[in-house]
Amino acid sequence: MSFFTVDGISLQFGGLKAVDNVSFSVTKGEIFTIIGPNGAGKTSIFNLISRLYDPTSGRLFFEDRDITEVPPHQIAKLGIARTFQNIELFENASMLANLLVGRHCHATTGLWQEMLFLPGVRRAEKEHRRKVEEVIEFLDLQAYRDKLIAGLPYGVRKVIEVARALCSEPKLILLDEPSSGLNVEETDDMSFWIRDIRSELGITVLMVEHDMTLVNRVSDRVLALNYGKVLASGTPAEVQAHPDVIAAYLGA
Amino acid sequence: MRFIFKTDYDQDIRILKHSGYWWSYGVLLAVMLAAPYLLGSYLQSQLVFVFIYAIVGVALMILTGFTGQASLGHAAFLAIGAYTAGFMQSLGVPFIVYFPLAAILTGVVGALVGFPALRLHGIYLVIATIAFAFIVEEVLARWESVTHGNEGMRVRALDLLGMPVPRDSEAFYYLCLLVLVGAVLLALNLLRSPTGRAFVAIRDSETAGKSMGIDLAAYKVKSFAISAAITGLAGVLFAHKMTFISPEMFTLLLSIEFIMVIIIGGAFGVHGAIFGAIFIVMVDPFLTALKDDLPVLVASIGDSLGMSPEAAGQLREKLAKIGSAAGLKGAIYGLIIMMFILFEPYGLYGRWLKVKLFFQLFPLYKRATFKRQKTYVKSERNR
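Given below as structure tokens:
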């Protein structure tokens, strides 16, 4: 079976079908993008994958394991990390603390140990810190180490969110609109980083994105959604040429 | 201005970040250790109350300041600790057994209170904890076989391994100081390890915390349990300090005082709990002194400004009447808390940091450094 598979998943809010029988699969090491007009159900799919929502029907498989029933806080441990469309950082903590929370799924120390700060905790802390520093270097965030998130500009926060997700050493990273709110230059940087995440860290990327330049530049495959249904999937060029996709974006 | 050149991860993990802290906290500890021999018995007794309030403040800081779960039920945890001490002592259980036992018992109760908190947020959680406090108060009043009901309960002097430790002794002072230092160290240790960071994460964004692998339920319950257990320890000390406990000592007002400790102190760091405790405990004797001395003072000023003796006398009586009016203390408390929320939401510790920075940067301090500004970037959060 493939790396990550969404099999006929649906999500219904009362009478509204936010996601309607969507299936796709992602192979290891690719950059897979979901596009679609506003309200098409892209973020809902992300929330289903990170188990913030329970699907009405359908199953999710990750590395041959059914993750449809796994509680949300265990998803990170399995190797799926995510970022959020509207930035969900811990505002009143330093960037370092934020990134260290990203290491939470690898925490091995117990409460009693931590209260007394036994040598084991110190060792584990240093190990976490070493991993965090690798990510800081990878994304060039050295300047913000001890800064509070609340005082940082939007573009930097966006990168820090990606960094936090990377700190959990995921196998699959979900990026929810990584370029929203970024200027041209920052979007450029982001597109390089997304490719580096795949090529240098070997992490598979599943992404929701509106910016078609970025989509064309980085994606291997694209899935187009509208009203919760799959319109088309394939290479970026194929999807953009698809008549249903053109109709959904431009109106028929 | 001190610049720290970091060469080691340990420098970020350490509690005392640089040598300056060793000096300042060393001096503070030395002064605290010498205090019983320098101060009169009244001030020593006040300091013991400061310590007890500060222990509760640290506990509440963990729950409210770091985990973001407000509680107006901490008087009940204090009561459970105090009554455990009273009851166990009457059974002849030694202090070294019932002291940790009180922490465990309140910790378990705290965890039970934590469960409903999993579904409640903000104001609803506050109401739930108030309800819990009322239930405990009522149980204490009705469960006469254990608590002696509204009659109250006498608590004998503390007996530490055969050595009596009366409430006014230096030994009791040192015991309270030791427990406070322990609680502070415990809180700081939590903050520099995964659990403490998980607490802060829950405070700032539950959704993000969840997808970073934080089990919200487990950590909220942990936070409640730790906070309650520390408050339970304070309760034992409180019982021994008061020597008499009754249900009406542990009312909503006491819980409000505890919340005030962390709001006035500054609800973002352990320092805040200590600053707040000093303020709350010392504001009472200050108000009393003001009530006694202010009318006389004002009258004598009026006298020296050429007021007629009758008018000055009238003024003095009027002020004395206002000073002894019922509810004045509550009104002044309310005024203080409002002033803090309006003008210094970071509390006394925040003010301390600002003053410190002023001197560190002197003469380069910019007036706008801490200018508060509305942020207009706001996103809808799904909890």
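Protein sequences, first through last, are from chains A and B. For the first sequence, my numbering assigns the number 1 to the initial residue and increments by one for each residue that follows. For the second sequence, my numbering assigns the number 1001 to the initial residue and increments by one for each residue that follows. Yeah, the Cβ is synthetic: ideal placement off N, Cα and C, and Gly gets one too.
Query, Result
"Closest to Asp-1292/B by C-alpha separation, out of Leu-1319/B, Ser-1308/B, Phe-1258/B, Ile-1274/B, would be which residue?", "Leu-1319/B"
"Between which two residues does the alpha helix (DSSP H) holding Ala-189/A run?", "The amino acid occupying residue 189/A in the given sequence is Asp; Ala does not appear at that position. Where Asp-189/A is concerned, the enclosing alpha helix (DSSP H) stretches over 184–199."
"Please confirm whether Ala-1273/B has its beta-carbon closer than 8 Å to some beta-carbon of chain A.", "no"
"Please state the DSSP three-state secondary structure of Phe-1279/B.", "helix"
"Could you tell me whether any Cβ in chain B is nearer than 8 Å to the Cβ of Lys-126/A?", "yes"
"Ala-1331/B and Ala-1312/B: beta carbons closer than 8 Å?", "no"
"Could you spell out the range, first to last residue, of the beta strand (DSSP E) harbouring Ala-232/A?", "229–234"
"For His-1240/B, count the other beta carbons within 10 Å of its own beta carbon; 16 or more makes it buried, fewer makes it exposed. Which is it?", "buried"
"What are the start and end residues of the alpha helix (DSSP H) that includes Val-1097/B?", "1095–1117"
"Do the segment 1245–1254 of chain B and the segment 1122–1140 of chain B make contact, defined as three or more Cβ pairs closer than 8 Å?", "yes"
"Less than 8 Å between the C-beta atoms of Ala-97/A and Arg-1197/B, yes or no?", "yes"
"Measure from the alpha carbon of Ser-1019/B to the alpha carbon of each residue in Thr-1007/B, Gln-1314/B, Ala-1034/B, Arg-1002/B, then state which is nearest.", "Arg-1002/B"
"Are the C-beta of Arg-1197/B and some C-beta of chain A separated by less than 8 Å?", "yes"
"Any residues in the segment 49–76 of chain A with a beta carbon nearer than 9 Å to a beta carbon of chain B? Which ones, in chain order?", "Ser-50, Arg-51, Leu-52, Pro-71, Pro-72, His-73, Gln-74, Ile-75, Ala-76"
"Note the first and the last residue of the continuous alpha helix (DSSP H) segment covering Phe-1051/B.", "1041–1060"
"Report back the beta-carbon spacing between Val-208/A and Thr-43/A to the nearest angstrom; my notes put them in contact at under 8 Å.", "6 Å"
"Mind listing the chain B neighbours of Met-115/A? Cutoff is C-beta to C-beta under 7 Å, in chain order.", "Leu-1186, Asn-1189, Leu-1190"
"Based on DSSP bridge pairs, tell me the residues matched to Asp-7/A.", "Arg-59/A"
"Compare the C-beta of Gly-1009/B with all C-beta atoms of chain A and state if any pair is closer than 8 Å.", "The question names Gly, but residue 1009/B in the sequence shown is Tyr. Chain A contact via Cβ: present."
"Let's test the definition: count the other Cβ atoms within 10 Å of the Cβ of Ala-1234/B and tell me whether it reaches 16, buried, or not, exposed.", "buried"
"For Gly-1122/B, does the count of other Cβ atoms within 10 angstroms reach 16, so buried, or fall short, so exposed?", "exposed"
"Closest Cβ-Cβ distance between His-1194/B and chain A: below 8 Å?", "A quick correction: the sequence has Pro, not His, at residue 1194/B. Yes, because at least one Cβ of chain A sits closer than 8 Å to the Cβ of Pro-1194/B."
"Does any residue of chain B bring its CB to less than 8 Å from the CB of Leu-225/A?", "no"
"Quick one: list the residues of chain A neighbouring Lys-1220/B, beta-carbon separation under 9 Å, in chain order.", "Ordered by position in chain A, no residue passes the 9 Å Cβ test against Lys-1220/B, which lies about 12 Å from the chain."
"Measuring only the C-alpha atoms, how far is Phe-138/A from Phe-1343/B?", "42 Å"
"Helix, strand or coil for Lys-42/A per DSSP?", "helix"
"Beta carbon of Lys-131/A, beta carbon of Arg-164/A: below 8 Å?", "no"
"Check the Cβ-Cβ distances between Ile-1013/B and every residue of chain A, and say whether any is below 8 Å.", "yes"
"Using 8 Å as the threshold, is the C-beta distance between Ile-1274/B and Gly-1057/B below it?", "yes"
"For Gln-142/A, collect the residues of the same chain with a Cβ closer than 8 Å to its Cβ; drop the 5 residues on either side in sequence, then sort them by chain order.", "Ile-136"
"Mind listing which residues of the segment 93–111 of chain A have their C-beta closer than 8 Å to chain B's C-betas, in chain order?", "Ala-93, Leu-96, Ala-97, Leu-100, Val-101, Gly-102, Arg-103, His-104, Cys-105, Ala-107, Thr-109, Leu-111"
"Would you mind reading off the limits of the alpha helix (DSSP H) that contains Thr-1129/B?", "1122–1142"
"In angstroms with no decimal places, state the Cα-to-Cα distance between Leu-78/A and Pro-170/A.", "8 Å"
"Between Gln-1046/B and the rest of its own chain, which residues show a CB-CB distance below 8 Å, the 5 nearest in sequence each way excluded?", "Val-1281, Met-1282, Pro-1285"
"Got a sec: is the Cβ-Cβ distance from Arg-254/A to anything in chain B below 8 Å?", "Nothing can be reported for residue 254/A: it is not among the residues displayed for chain A, which extend from 1 to 252."
"May I ask you to list the residues that DSSP assigns as paired with Thr-204/A?", "Leu-172/A"
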